[in-house]
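Asks: Chains as they are written, first to last, in the working numbering: chain A, 741 to 1632; chain B, 5 to 315; chain C, 148 to 335.
Please read through the structure below; I'll follow up with questions.
See the structure below:
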């Protein structure tokens, strides 16, 4: 955190000054470690074993916060008899379809007296026009059903950014926590082999360090104290990344640290509005506000979509209102009840269309055009060579950035030109480079890592051809609409064109011609008014007045909102994101600075900071509480609850939607109102986390010897991104070291905003790798000499930094060396070097399709890498030594 | 006025007063608490942005994360990084085991005791260095042109329009702070953001510092704060914590920028006992100074007069 | 801290330390030094902004003089950052006004060996044509007999560094064009 989020780290330092204990768990000793009370070096790729060991300790030693666990979690919920654990099935859960590499969630569902209600509505395919069987059962092996499950797995992982997946709202429970199939007992059995000895063997963490960690955690959790977990992409960039975070969530839930001040799990995100680009997603599987993109399976019309995506209970019951309001925001008057509010205008998914699949589609020739909007995949994405191969097959490429990044110039100076794999004259891709405006040259909002929107105001106009992306998007749309309208002889927005250039053209073009696209333009550059866009995102009611809450949204077409969770950001016609009441003039929550979704609440699920009766668990840790005199929730923060719902409220029988949320359902976006220690749905790879080795690991999976990897990880296949043998497979010894990538304070991601700046470049002027003195001795590496790091994909060279900060570990009785690779470099800019991501493969987390760059198996040799075709010879020789085939590494 | 500072004839060792500033603000300075420095180098960049100091070379040094090397004409803040394997109060680490031949390179042979898992095995010290704005400033003493000036805040600045690039000041600094820049030939160093101070703003480095490792303020207040801080650290089990240049009992008569260190100064590359080289010069220079004409000479005389008396 | 005096405090302080009261000390002070004002004091206006690097969301004050950004500093009012910035945030002035910025549209024709200059309007027109062509090339009304109404013809990557409003327009436009391969750094 000190390394990549230094200014945020001031609050950790402040907590430390007040007596907080700071523990840093990381393969390397970083600037964060330097400030920590304890640094715990860990083998990259083993965090679930480590956290699972703490969970085991908490459960067996009864260190959990029992009152909290009973009141707010699903610990007492009884799970269906169909469920079988990894302990029973050799490392996999019940419901695994090996042929399609998916799990069926039905095998993990809650047991409920009214079994007919099954697993809730969400994720259940509809029974609409498609006529599909809507009740996908365990692995029947039919093609249609298998594809349906793949589609579901592909596109469901992220659809819970604003709430959980579906589950039965009132399952059977055992408040004594003794039932053998209650979540508590299942959890206890599941983690029982995650012992300190296992942690030592798998993670390389000494029992003494491990003890210090769990003692610090448990002694600083409970009624009077809280502990926060902070993570970044060190947890996400794995083939089991989401489950890393789930493990942290289970631990924090058991300790009673969720929804409470000083608690929680804090994701430190790395780009100014990466949270915003998930909320208002430029992501294939989502529509604004975490509404899933519709799929071909079953979700054929608005009714079946709303039925399948909504839940019986809570705010997700109103999916139809959110969706209709979005459709009204996009298609305005053209969206009517008669035409399903233009629901059919939305394109449909047939599987994963993530960025790595897109690269394969480019190479295959299916995708022929590409916009890069402030991204540099040639450096920042896994396997740069594949990225450039994809771009070399395009008809056209548009790059919008500040400078000529590697993704703009690969056709003349990329690594493949050097190796002879590509010749500039043979590359047919037409490339447009458009200079982008800086944040000082445009107005708009960023959503920061706390879900807080902050407005930045234009200070000056961009110079030359530089333009904002708002300008680019708007005017590109305007020109396209004008061209299509001219073809069809109609005016954009007025629909019903005459004959077009293609039999289907009119129908194809209606969504773009009917689109609401009339934003006010300002100044000589004709810059769209960003506040007008924000107003549309916020939405308006039937009278055209800005809505102040998503509870105002209707499903009859009378309201519009471009992103339901952002409702309120333009309440009263005021840009709430631009609020800047000084922090010093507010309480410590500072609700009047910017605006956070949902409803300007700063701590999610903060109802849990009070006990079931509505009183803070302790005075020290008060955040919100029930005020019986005023009949509403009060506190330092805005309660993340229904404002006037008393703790004593119990829903009447048959209650649906918001009315079904009880006064103690602190986790209001969950189908059952509970924090999930066991996830009966929503995760592609298991209801509980299990330790799996990375796609490529030098060691065997000690916990599940029969199951080396996450069985449902997504392994994309292409000759350009082969996989290596792993664990005890022959050939794995060719890649004996663990490499992990990371950031440095002085640079930013793929370098586009740092490697071109003299003041930052001089601070870290060259790509280097960090190795321990032991590894240096083993491989003959010299401090500040050169090393070549080799994987099955590529070989890169780096200057060598020999340092004790990259400690070697003892894992399964043997010394294990790790190699640190800051990934900022590429061949352009003031400071240049090979890109670490060249080494990475295309094996992805099955929930969110994120690549595994935090734990790779590599070799390292002294000296510089070969130039030209000799580089390819080197990689080929490693393939031969390791016996790599097309099938290597692709097993379940 | 700190009690540790030596009193002078003309109302104490307040350097601004001795430099002829009548009514003037309190002496301002930096207290750099290295125990909370996270080595982010924001100070280096904020300084350069504000003062338009040019880039100072793209060289990977291998000195941990320090690629700035040291203070110079084009580096007015410099963050040192010191990797320690056996810090004070912690048992020395076992030796790094040598290479053990194994079947699988990365997992070579049986486990041997190593640095992992040893509490406190590693310490990474970081410290942002800066011009000390000495009470007895060698650079100021030797400047023949009046380019170097003591400001009303007690700080020492180079005036670019006066400096002729003679370079006398460079060897006169016991810390190696000031240097000449190749492009303009002039001498440059930290001004403690003199221009910002003039309008009540704090220096750019102190403002940016994420953890308040760099604190700016009236020197008296900073010294008070520093003494509390160092006592707290010693009591908390860091006997090695010490203040560097906090008092006046050193060879530069006290500093406008002082430090809390977690090890001996030389570990950070700081001279343990800096002495201003002009300490023995004042009497010799007094006569030369009198020969100089103009207002500048009057200031110089007053300055040296007080210093002579101290001796 | 007390010394972190805000802009409103300047005149008082200026008066306190003004030239009339400098006395003897002024003697060594050169004309240029005396005239020197910090550029923030001369700014025409201060614009409230947010750091464009990571997601902490540090407040920035952008100083503008004569239509140019002259300084970017932390905003002390921000409850997130309290006026502080990291090295990257501190380099925002160089990022936004430095020599590395490109201000010219560049074009590489198919099989071309170097960049050529291109007018912005012409580039926009050409890109619009190419989007429509790629869209049609990759159009799919149906897949396996089920309606998809989409195109796989073009894709986009980027958004995490953009404003919400920009992402909103891209998502809206590209989705209406039938594209589904719309991605950003959040996937990476």
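Glycine included, C-beta positions come from ideal geometry on N, C-alpha and C.
According to the neighbour-count rule (16 or more other Cβ atoms, all chains shown, within 10 Å of its Cβ), is residue 140 of chain B buried or exposed?
Replies: Here the question's residue 140 of chain B lines up with position 136 in the second chain. Buried, by the Cβ-count rule.
Asks: I need the straight-line Cα distance from residue 37 of chain B to residue 253 of chain B, nearest angstrom please.
Replies: By one-based count along the second chain, residue 37 of chain B stands at place 33. By one-based count along the second chain, residue 253 of chain B stands at place 249. Going from the Cα of residue 37 of chain B to the Cα of residue 253 of chain B covers about 20 Å.
Asks: Among all the DSSP beta bridges, which residues are the ones paired with residue 218 of chain C?
Replies: Counting from one through the third chain, the residue named residue 218 of chain C turns up at place 71. In the DSSP secondary-structure assignment, residue 218 of chain C is bridged to C:210.
Asks: Taking C-beta to C-beta, are residue 717 of chain A and residue 1002 of chain A nearer than 8 Å?
Replies: Look at the range of chain A in this structure, 741 to 1632, and you will see that residue 717 of chain A is not part of it.
Asks: Between the region 1053-1075 of chain A and chain C, which residues of the former have CB atoms less than 9 Å from a CB of the latter, in chain order?
Replies: 1069, 1070, 1071
Asks: Count the other C-beta atoms from every protein chain shown that fall within 10 angstroms of the C-beta of residue 1367 of chain A, then say buried if there are 16 or more, exposed otherwise.
Replies: As a first step, residue 1367 of chain A is located in the first chain; it is residue number 627 there, counting from the start. Residue burial annotation: residue 1367 of chain A is exposed, with fewer than 16 other C-beta atoms found within 10 angstroms of its C-beta.
Asks: By alpha-carbon positions, which one of C:262, C:228, C:230 ends up nearest to residue 1149 of chain A?
Replies: For this step, residue 1149 of chain A is matched to residue 409 along the first chain. That would be C:262, whose Cα lies nearest to the Cα of residue 1149 of chain A.
Asks: Where residue 1298 of chain A and residue 212 of chain B are concerned, what is the direct C-alpha to C-alpha distance, given to the nearest angstrom?
Replies: By one-based count along the first chain, residue 1298 of chain A stands at place 558. By one-based count along the second chain, residue 212 of chain B stands at place 208. If I take the Cα positions, the gap works out to 49 Å.
Asks: Could you please tell me which residues of the region 1455-1484 of chain A, in chain order, have their CB closer than 7 Å to any CB of chain B?
Replies: 1473, 1476, 1477
Asks: Check whether the Cβ of residue 187 of chain C lies closer than 8 Å to any Cβ atom in chain A.
Replies: Position 40 of the third chain holds residue 187 of chain C. Not one chain A Cβ lies under 8 Å of residue 187 of chain C.
Asks: To the nearest angstrom, report how far apart residue 1318 of chain A and residue 747 of chain A are at their CA atoms.
Replies: Numbered from 1 along the first chain, position 578 holds the residue referred to as residue 1318 of chain A. Numbered from 1 along the first chain, position 7 holds the residue referred to as residue 747 of chain A. So the two alpha carbons sit approximately 21 Å from each other.
Asks: Between residue 212 of chain C and chain A, is the shortest Cβ-Cβ distance under 8 Å, so that the two count as touching?
Replies: Here residue 212 of chain C is taken as the residue at index 65 of the third chain, counted from 1. By this cut-off, residue 212 of chain C is not an interface position.
Asks: Do you know offhand how far residue 1140 of chain A's Cα is from residue 1010 of chain A's?
Replies: In the first chain, the residue the question calls residue 1140 of chain A occupies position 400. In the first chain, the residue the question calls residue 1010 of chain A occupies position 270. If I take the Cα positions, the gap works out to 20 Å.
Asks: Can you find the residues in the same chain that come closer than 6 Å, C-beta to C-beta, to residue 1036 of chain A, ignoring five residues on each side of it along the sequence?
Replies: To locate residue 1036 of chain A, count along the first chain from 1; it is residue 296. The residues are 1088, 1090.
Asks: When burial is assigned at 16 or more other CB atoms within 10 Å of the CB, is residue 1384 of chain A buried or exposed?
Replies: The residue labelled residue 1384 of chain A in the question sits at position 644 within the first chain. Exposed, by the Cβ-count rule.
Asks: For the alpha helix (DSSP H) that residue 935 of chain A lies in, which residues bound it at each end?
Replies: Here residue 935 of chain A refers to the residue found at position 195 of the first chain. No alpha helix (DSSP H) holds residue 935 of chain A; DSSP gives it neither H nor E.
Asks: When DSSP labels each residue in this structure, what does residue 1030 of chain A get in the three-state scheme?
Replies: What you label residue 1030 of chain A is simply residue 290 of the first chain in a count that begins at 1. Note: residue 1030 of chain A maps to helix in three-state DSSP.
Asks: Alpha carbon to alpha carbon, what distance is there between residue 28 of chain B and residue 193 of chain B?
Replies: In the second chain, the residue the question calls residue 193 of chain B occupies position 189. In the second chain, the residue the question calls residue 28 of chain B occupies position 24. Answer to the nearest angstrom: the Cα atoms are 23 Å apart.
Asks: Counting only Cβ pairs nearer than 9 Å, list the residues of chain C close to residue 1214 of chain A.
Replies: By 1-based counting over the first chain, the position of residue 1214 of chain A is 474. Per Cβ cutoff of 9 Å: 316, 320.
Asks: Give the C-beta separation of residue 1371 of chain A and residue 1388 of chain A to the nearest angstrom, bearing in mind that I take them to be a contact with Cβ-Cβ under 8 Å.
Replies: The residue labelled residue 1371 of chain A in the question sits at position 631 within the first chain. The residue labelled residue 1388 of chain A in the question sits at position 648 within the first chain. That belief does not hold up - the Cβ atoms of residue 1371 of chain A and residue 1388 of chain A are roughly 12 Å apart, past 8 Å.
Asks: When you compare only the Cα positions, how much space is there between residue 300 of chain C and residue 233 of chain C?
Replies: Along the third chain, read from residue 1 onward, the residue named residue 300 of chain C stands at position 153. Along the third chain, read from residue 1 onward, the residue named residue 233 of chain C stands at position 86. Answer to the nearest angstrom: the Cα atoms are 41 Å apart.
Asks: Can you name the residues of chain C whose CB is closer than 7 Å to the CB of residue 166 of chain B?
Replies: Taking the first residue of the second chain as position 1, residue 166 of chain B is located at position 162. Result: 177.
Asks: In whole angstroms, give me the CA-to-CA distance for residue 1344 of chain A and residue 1380 of chain A.
Replies: Start at 1 with the first residue of the first chain, and residue 1344 of chain A comes out as number 604. Start at 1 with the first residue of the first chain, and residue 1380 of chain A comes out as number 640. In a straight line, the C-alpha of residue 1344 of chain A is about 6 Å away from that of residue 1380 of chain A.
Asks: Tell me, to the nearest whole angstrom, how far the beta carbon of residue 1451 of chain A is from that of residue 1597 of chain A; I am working on the premise that it is less than 8 Å.
Replies: What you label residue 1451 of chain A is simply residue 711 of the first chain in a count that begins at 1. What you label residue 1597 of chain A is simply residue 857 of the first chain in a count that begins at 1. Not quite, the Cβ-Cβ distance comes to about 19 Å (not below 8 Å), so this is no contact.
Asks: Using a C-beta to C-beta distance shorter than 8 Å, which residues of chain A count as neighbours of residue 152 of chain B?
Replies: Indexing the second chain from 1 puts residue 152 of chain B at position 148. Per Cβ cutoff of 8 Å: no residues; residue 152 of chain B is ~26 Å from chain A at best.
Asks: Taking the CB atoms as reference points, tell me whether residue 327 of chain C and residue 297 of chain C lie closer together than 8 Å.
Replies: Indexing the third chain from 1 puts residue 327 of chain C at position 180. Indexing the third chain from 1 puts residue 297 of chain C at position 150. Taking 8 Å as the cut-off, the Cβ atoms of residue 327 of chain C and residue 297 of chain C count as close.
Asks: Determine, using beta-carbon pairs with one atom in the region 1319-1334 of chain A and one in the region 1198-1216 of chain A, whether at least three such pairs fall under 8 Å.
Replies: no
Asks: Which chain B residues are close to residue 1486 of chain A, counting only those with a beta carbon under 9 Å from its beta carbon?
Replies: Locating residue 1486 of chain A in the first chain gives position 746, counting from the first residue. Those within 9 Å of residue 1486 of chain A in chain B are 44, 45, 49, 69, 71.
Asks: Considering only residues of the same chain and omitting the five flanking positions on each side of residue 812 of chain A, which have a CB-CB separation below 6 Å?
Replies: Position 72 of the first chain holds residue 812 of chain A. So the qualifying residues of the chain are 1348, 1406, 1415.
Asks: Closer than 7 Å by C-beta to residue 1065 of chain A: which residues in its own chain qualify, once you throw out the five before and the five after it? Chain order, please.
Replies: Along the first chain, read from residue 1 onward, the residue named residue 1065 of chain A stands at position 325. Hits under 7 Å: 1279, 1293, 1299, 1300, 1301, 1304.
Asks: When the Cα atoms are used, what is the spatial distance from residue 1413 of chain A to residue 1369 of chain A?
Replies: The residue labelled residue 1413 of chain A in the question sits at position 673 within the first chain. The residue labelled residue 1369 of chain A in the question sits at position 629 within the first chain. C-alpha separation (whole angstroms): 26 Å.
Asks: Name the residue from A:1477, A:1224, A:1481 whose alpha carbon lies nearest to the alpha carbon of residue 1519 of chain A.
Replies: If you number the first chain from 1, residue 1519 of chain A lands on position 779. When A:1477, A:1224, A:1481 are compared, the shortest CA-CA separation from residue 1519 of chain A is found for A:1477.
Asks: Per the DSSP calculation, residue 1277 of chain A is bridged to which residue(s)?
Replies: If you number the first chain from 1, residue 1277 of chain A lands on position 537. The partner list for residue 1277 of chain A (beta bridge, DSSP) is empty, contrary to what the question assumes.
Asks: Tell me the rounded alpha-carbon separation between residue 192 of chain C and residue 210 of chain C.
Replies: Position 45 of the third chain, counting from 1, holds the residue named residue 192 of chain C. Position 63 of the third chain, counting from 1, holds the residue named residue 210 of chain C. For the pair residue 192 of chain C and residue 210 of chain C, the Cα-to-Cα distance works out to about 6 Å.
Asks: In whole angstroms, what separates the C-alpha of residue 175 of chain C from that of residue 282 of chain B?
Replies: The residue given as residue 175 of chain C occupies position 28 in the third chain. The residue given as residue 282 of chain B occupies position 278 in the second chain. Those two C-alpha atoms are separated by around 20 Å.
Asks: Counting pairs of beta carbons, one from the region 197-212 of chain B and one from the region 41-55 of chain B, are three or more of them closer than 8 Å?
Replies: yes
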